[in-house]
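Novice: Could you have a look at this structure, given as C-alpha cells, before my questions?
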Amino acid sequence: MLIRTFTLLALSLLLTNGLFAQTEITIDDGDLQENTTYNWTSDNTYVLDGLVYLESGGILNIEAGTVIKANGNPSNGDNTSALIITRNAQIFAEGTADAPIIFTAGDDDVTDPFDFIIDDAGEWGGLIILGDATIARTGGETGIEGIDAAESRARYGGNDDDDNSGVLRYVSIRHGGTALTSNNEINGLTLGGVGSGTEIDYVEVFANFDDGIEFFGGTVDVKHAAVAFCGDDGFDYDFGYRGRGQYWFSLQGVTTTGTGRAGEHDGASPDGEPPFAQPIIYNATYIGIGENASVSTGDAADGNPFAILLRDNAGGFYNNSIFADFNGAAIAVEDRDDTNDGDAFARLQNGDLAFNDNFFFAFGDGATAGDLFIAVDDNEEIVSGSSAIVASTFTANNNLIADPNLQELADREMLDPRPNPFGPTASGAPAPTDNFFDAVPYYGAFVPGNGSENPSWLAGWSAIDEYGEIFNTVSVGAVEKAGYLLDSPVPNPAREFTTVMIELPTAARVDMIVFDMMGRPVQRVLTNENLLAGEQQIRIDTDFLAAGNYFVMLRAEGASLVQKLIVGE
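Just so you know, the sequence shown maps onto residues 0 to 568 in numbering that gives the first Met the number 0.
Structure below.
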C-alpha cells in the first residue's frame with residue numbers, strides 16, 4: 000500500500016546542495032536534572048540513549064525544526080529509549096508548519112523518505128508526559144504504563160486539574176512503541192494525568208507499534224491530532240480522562256505489526272473509581288482499513304471488529320464527526336449485565352455517553368443502526384436486548400448512516416478524507432456551545448476542499464503527508480523561495496497537458512524537470528533556459544506519461560521549488 004514518495008521539502012533538500020551538517024548530541028538519563036532549564040536547538044540532532052527523565056522543576060525548550068532521535072539499543076542496558084517529562088517538569092516543543100519538531104528512530108534519515116516505511120514500528124519508545132491532574136485510580140496516583148513500577152519518577156496523578164506540563168505544537172512522533180516486555184509497550188504519545196494548563200495542538204503519531212495517543216486521566220485539551228498506521232489503537236483513553244478534543248484524525252492500515260481500533264475508551268480503574276472518563280470531542284475523522292479488508296497480524300488477527308469500543312464505565316461525547324471504511328461494526332458499548340453500574344452501557348443510559356450528529360459509512364457488518372451500534376459483554380459478544388437500546392439511542396441523536404462524500408475514500412493510495420465542498424458534510428454541523436471549540440460548519444477533521452483548494456492541516460509538516468499516504472491529490476498552492484514562485488499545475492489531475500505559472504524576481508537561467516515517484520527525471524521541460532523577470536506560463540505535455548503521481552521542480556540560482564502533479568487515465 001505504501002508509496003514511498005518525496006515530499007516537497009524532502010525532494011528539494013535531496014536535489015539541491017543538501018542540509019547543513021548537524022552535530023549529534025547524546026542525551027542520557029542524568030543529563031536533564033531537576034530545577035534546571037535546557038535549550039535544544041535546530042542546528043543539533045539530539046539522540047536519546049535509554050530512558051531519559053526531565054526531572055521535577057526542569058524545563059526543556061525545543062526550537063522549531065529540531066530533530067530528536069532515539070537509540071533502539073541503548074548503551075546503558077535499558078530496553079529502549081524514550082523521553083519522560085515527569086510531574087512538575089515542563090516541555091516547550093514549539094514547532095511550526097514549516098519547521099516541525101520530529102521525534103524518531105536513531106536510524107531514520109528524515110531527509111530520505113526511502114529508508115523507513117509504515118512497517119518500521121517499535122524502533123524506540125516514545126514521548127511520555129506526566130502531570131498532577133486528577134486520575135481515576137485508588138489513592139489518586141500510579142505509575143505510567145510501559146515503565147518499571149518501581150521507578151518513582153514515573154508516577155503521575157494528583158489534584159491540580161489546571162496543571163501545566165508545557166506546550167506541544169507541530170510535533171511529529173514516528174516509528175516508536177517498543178515493547179519493554181511482553182504486552183508492555185510504550186505509546187507514541189502518552190499523557191498521564193496531564194492538566195488543562197498544557198497546550199497540545201498539531202501533533203502526530205506515525206507508525207507506532209502500540210497505541211498512537213493514550214490519555215491516562217487528566218484534563219488536557221488537544222486540537223489537530225493525527226494517528227496513522229499504528230499496531231494497536233489510534234486514540235485510547237482511560238483512568239477518568241476529561242479533556243476536550245477537536246480535529247482528531249485516525250487512519251488505520253494493514254501493516255506487519257497489525258492494526259487496532261480507531262478508539263479504545265475505558266472509564267476508570269477500578270470501574271467505580273471516580274471520576275469516570277468523559278471527554279468531549281468534536282470534528283473527528285476516523286478511517287478504517289477498508290470495508291472489505293481482512294488482516295491476520297497483530298491485534299486485528301482475532302477480528303478486532305469495532306471502530307470504537309467503550310467499556311469499564313467510560314463516558315464521553317463525539318460530535319460532528321465522520322467514521323468510515325471499517326471492516327466490522329461502528330460502536331460497541333460494554334454491558335456486563337451485572338449488579339453494579341460500572342460499565343459504559345450504564346453511562347449511555349444516564350446520558351454521560353453520547354454520539355451526536357455524526358456520519359457513519361462503509362462498514363463491513365452492514366448498513367443499519369442495528370448492525371453498527373451494538374452492546375457487548377466483557378467477552379465482546381453481542382448482547383441483543385441492550386444492542387437495540389444502543390441503536391435506538393444513536394438514531395435518536397441524529398447519527399446518520401450515509402455517505403459523507405469525502406474527496407477520495409475507496410482508493411487507499413489516493414486517500415483524501417476532506418469533505419467534498421458540495422457534499423452533505425461540508426456544511427450544516429451544529430455549533431458547539433463551549434468556546435474552546437471552533438464553531439465550524441463542516442463535519443470531520445478537515446476543511447472541505449477540491450484539488451489545491453483548502454489543503455489539509457497535515458500538509459507540509461507531517462509524516463502522513465511526507466510519506467504520500469494521503470492527500471496525494473492536494474497541492475499546497477503556490478510555493479515561493481528567494482523571490483521565485485511556482486504555482487500549482489492546472490489542470491491537476493492532467494491528461495494531455497497541464498500549465499504552471501512561474502514568477503522570477505529577475506532574469507535568470509532556470510531548469511524545469513518532472514520527476515516520477517522514485518525521484519527519477521522523466522521529462523525536462525526547460526534546460527538552462529534564460530527567462531525574463533515576472534510571470535510566465537509554462538506548458539507541460541503529459542500525454543506520454545503513465546497515469547500516476549509526479550513532481551514538477553523549478554530550479555534556479557538560489558532556489559529550488561516543487562509542486563505535485565497527477566496524471567490521470
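Positions of the beta carbon are idealized from the N, C-alpha and C atoms, including for glycine.
Keep in mind the model is a prediction, meaning the values are calculated, not measured.
#1: Tell me the DSSP secondary structure of Glu-502 in three-state form.
#2: Identify, in the order they occur along the chain, each residue of the same chain with its Cβ nearer than 7 Å to the Cβ of Thr-392, setting aside the five sequence neighbours on each side.
#3: From Asp-30 to Lys-222, what does the alpha carbon distance come to, in whole angstroms?
#4: Fully enclosed by the segment 274 to 324, which beta strand (DSSP E) runs are 3 residues long or longer?
#5: Using DSSP with H/G/I as helix, E/B as strand and the rest coil, what is Asn-326?
#6: Taking the CB atoms as reference points, tell me whether Pro-454 and Pro-418 lie closer together than 7 Å.
#7: For Ile-24, is the classification buried or exposed, using 16 other Cβ atoms within 10 angstroms of its Cβ as the cut-off for buried?
#8: For Ala-153, tell me which candidate among Ser-164, Thr-141, Asp-159, Asp-162 has the shortest Cα-Cα distance.
#9: Could you give the distance in angstroms between the alpha-carbon of Ala-313 and the alpha-carbon of Asn-349?
#10: Just tell me which of Gln-89, Leu-530, Glu-556 has its CA closest to the CA of Leu-602.
#11: Which two residues bound the contiguous beta strand (DSSP E) that contains Gln-348?
#12: Which of the three DSSP states, helix, strand or coil, is assigned to Asp-106?
#13: Taking the continuous beta strand (DSSP E) assigned at Glu-465, which residues delimit it?
#14: Considering Cα atoms alone, identify which of Asp-147, Pro-278, Val-166 is closest to Leu-179.
#15: What is the DSSP secondary structure of Gly-369, counted as helix, strand or coil?
#16: Are the CB atoms of Val-499 and Pro-490 within a distance shorter than 7 Å?
#17: Among the candidates Gly-271, Tyr-285, Tyr-169, whose CA atom is the shortest distance from the CA of Ala-261?
#18: Do you know how far the Cα of Asp-42 is from the Cα of Gln-21?
#19: Could you check the C-alpha separation between Glu-263 and Tyr-236 for me, to the nearest Å?
#20: For Ala-481 versus Ala-506, is the C-beta spacing smaller than 7 Å?
#21: Cutting at 8 Å between CB atoms, please list the residues of its own chain near Tyr-549, excluding the five before and the five after it.
#22: Output yes or no for whether 7 Å exceeds the beta carbon distance between Gln-245 and Phe-436.
#23: Label Pro-304 either buried or exposed according to how many other C-beta atoms from any shown protein chain fall within 10 Å of its C-beta, with 16 as the threshold for buried.
#24: Return the chain-ordered list of same chain residues with a C-beta closer than 6 Å to the C-beta of Leu-250, the five sequence neighbours on each side being excluded.
#25: Report yes if the CB atom of Ile-539 is closer than 7 Å to the CB atom of Val-524, and no otherwise.
#26: Mapping the DSSP letters down to three states, classify Thr-137 as helix, strand or coil.
#27: Is Gly-384 buried or exposed, if buried means 16 or more other CB atoms sit within 10 Å of its CB?
#28: Look up Arg-152 in the DSSP assignment and say whether it is helix, strand or coil.
#29: Strictly by DSSP, which residues pair up with Val-166?
#30: Any idea if Asp-336 is buried or exposed, counting beta-carbon neighbours within 10 angstroms, 16 or more meaning buried?
#31: Taking just the CA atoms, how far does Gly-121 sit from Gln-32?
#32: Taking just the CA atoms, how far does Ala-132 sit from Gly-165?
#33: If I measure Cβ to Cβ from Glu-528 and keep anything under 7 Å in the same chain, skipping five residues before and after, which residues do I get?
#34: Is the beta carbon of Ala-361 less than 7 Å from the beta carbon of Ala-323?
#35: Is Ile-554 buried or exposed, if buried means 16 or more other CB atoms sit within 10 Å of its CB?
Specialist: Once the coordinates are examined:
#1: Within the sequence shown, residue 502 is the residue found at index 503, counting from 1. In the structure shown, Glu-502 sits in a strand (DSSP, three-state: E or B).
#2: Within the sequence shown, numbered from 1, the residue matching residue 392 stands at position 393. Cβ neighbours of Thr-392 beyond the five flanking positions: Leu-347.
#3: Translated into the one-based positions of the sequence shown, residue 30 becomes position 31. Translated into the one-based positions of the sequence shown, residue 222 becomes position 223. Straight-line Cα distance between these residues: approximately 31 Å.
#4: 279 to 286, 305 to 310, 315 to 318
#5: Counted from its first residue, the sequence shown places residue 326 at position 327. Coil.
#6: As a first step, residue 454 is located in the sequence shown; it is residue number 455 there, counting from the start. As a first step, residue 418 is located in the sequence shown; it is residue number 419 there, counting from the start. It is not a contact, given that the beta carbons lie outside the stated cut-off.
#7: Numbered from 1 along the sequence shown, position 25 holds the residue referred to as residue 24. Exposed, because fewer than 16 other Cβ atoms sit within 10 Å of the Cβ of Ile-24.
#8: Position 154 of the sequence shown holds residue 153. When each option's Cα is compared against that of Ala-153, the closest is Thr-141.
#9: The residue labelled residue 313 in the question sits at position 314 within the sequence shown. The residue labelled residue 349 in the question sits at position 350 within the sequence shown. Using only the alpha carbons, I get a separation of about 12 Å.
#10: Nothing can be reported for residue 602, as the shown portion of the chain is limited to 0 through 568.
#11: Counting from one through the sequence shown, the residue named residue 348 turns up at place 349. Run containing Gln-348: none in the beta strand (DSSP E); it sits in the alpha helix (DSSP H), 343 to 349.
#12: In the sequence shown, the residue the question calls residue 106 occupies position 107. Asp-106 falls in the coil class under three-state DSSP.
#13: For the purposes of this step, residue 465 is identified with residue 466 of the sequence shown, where counting begins at 1. Note, Glu-465: premise wrong, no beta strand (DSSP E); alpha helix (DSSP H) at 462 to 465.
#14: In the sequence shown, residue 179 corresponds to position 180, counting from 1. Among Asp-147, Pro-278, Val-166, the Cα nearest to that of Leu-179 belongs to Asp-147.
#15: The residue you call residue 369 lines up with position 370 of the sequence shown. In this structure, Gly-369 counts as helix in the three-state DSSP scheme.
#16: Start at 1 with the first residue of the sequence shown, and residue 490 comes out as number 491. Start at 1 with the first residue of the sequence shown, and residue 499 comes out as number 500. Result no, Cβ atoms of Pro-490 and Val-499 do not sit closer than 7 Å.
#17: Counted from its first residue, the sequence shown places residue 261 at position 262. For Ala-261, the nearest C-alpha among the options comes from Tyr-285.
#18: Here residue 21 refers to the residue found at position 22 of the sequence shown. Here residue 42 refers to the residue found at position 43 of the sequence shown. Roughly 6 Å between the two C-alpha positions.
#19: Position 264 of the sequence shown, counted from the first residue, corresponds to residue 263. Position 237 of the sequence shown, counted from the first residue, corresponds to residue 236. In a straight line, the C-alpha of Glu-263 is about 7 Å away from that of Tyr-236.
#20: For the purposes of this step, residue 481 is taken as residue 482 along the sequence shown, with counting starting at 1. For the purposes of this step, residue 506 is taken as residue 507 along the sequence shown, with counting starting at 1. Taking 7 Å as the Cβ cut-off, Ala-481 and Ala-506 do not qualify as a contacting pair.
#21: Along the sequence shown, one-based indexing puts residue 549 at 550. Closer than 8 Å at the Cβ level, and outside the excluded window around Tyr-549, lie Val-513, Phe-514, Asp-515, Met-516, Val-521, Lys-563, Leu-564, Ile-565, Val-566.
#22: In the sequence shown, residue 245 corresponds to position 246, counting from 1. In the sequence shown, residue 436 corresponds to position 437, counting from 1. In contact: Gln-245 and Phe-436 (Cβ atoms closer than 7 Å).
#23: In the sequence shown, the residue the question calls residue 304 occupies position 305. Buried, by the Cβ-count rule.
#24: Within the sequence shown, residue 250 is the residue found at index 251, counting from 1. Excluding residues within five positions, the ones whose Cβ falls inside 6 Å are Ala-227, Ile-286.
#25: One-based indexing of the sequence shown puts residue 539 at position 540. One-based indexing of the sequence shown puts residue 524 at position 525. Yes; because the gap between Cβ atoms is below 7 Å, this pair is in contact.
#26: Taking the sequence shown and counting its residues from 1, the one referred to as residue 137 is at position 138. Here Thr-137 sits in coil by DSSP.
#27: The residue given as residue 384 occupies position 385 in the sequence shown. Gly-384 comes out exposed.
#28: Here residue 152 refers to the residue found at position 153 when the sequence shown is read from its first residue. Three-state result, Arg-152: helix.
#29: Mapped onto the sequence shown, residue 166 falls at position 167. Answer is Phe-91, Glu-198.
#30: For the purposes of this step, residue 336 is identified with residue 337 of the sequence shown, where counting begins at 1. Exposed, by the Cβ-count rule.
#31: As a position in the sequence shown, residue 32 is number 33, starting the count at 1. As a position in the sequence shown, residue 121 is number 122, starting the count at 1. Looking at the two C-alpha atoms, the distance is approximately 27 Å.
#32: For the purposes of this step, residue 165 is identified with residue 166 of the sequence shown, where counting begins at 1. For the purposes of this step, residue 132 is identified with residue 133 of the sequence shown, where counting begins at 1. Gly-165 and Ala-132: Cα-Cα distance of roughly 14 Å.
#33: As a first step, residue 528 must be located in the sequence shown, where it is residue number 529. So the qualifying residues of the chain are Arg-508, Val-509.
#34: Counting from one through the sequence shown, the residue named residue 361 turns up at place 362. Counting from one through the sequence shown, the residue named residue 323 turns up at place 324. For Ala-361 and Ala-323, yes; Cβs fall inside 7 Å.
#35: Within the sequence shown, the letter at position 555 stands for residue 554. Strictly speaking, residue 554 in this sequence is Arg, with Ile absent from that position. Buried, since its Cβ has 16 or more Cβ neighbours within 10 Å.
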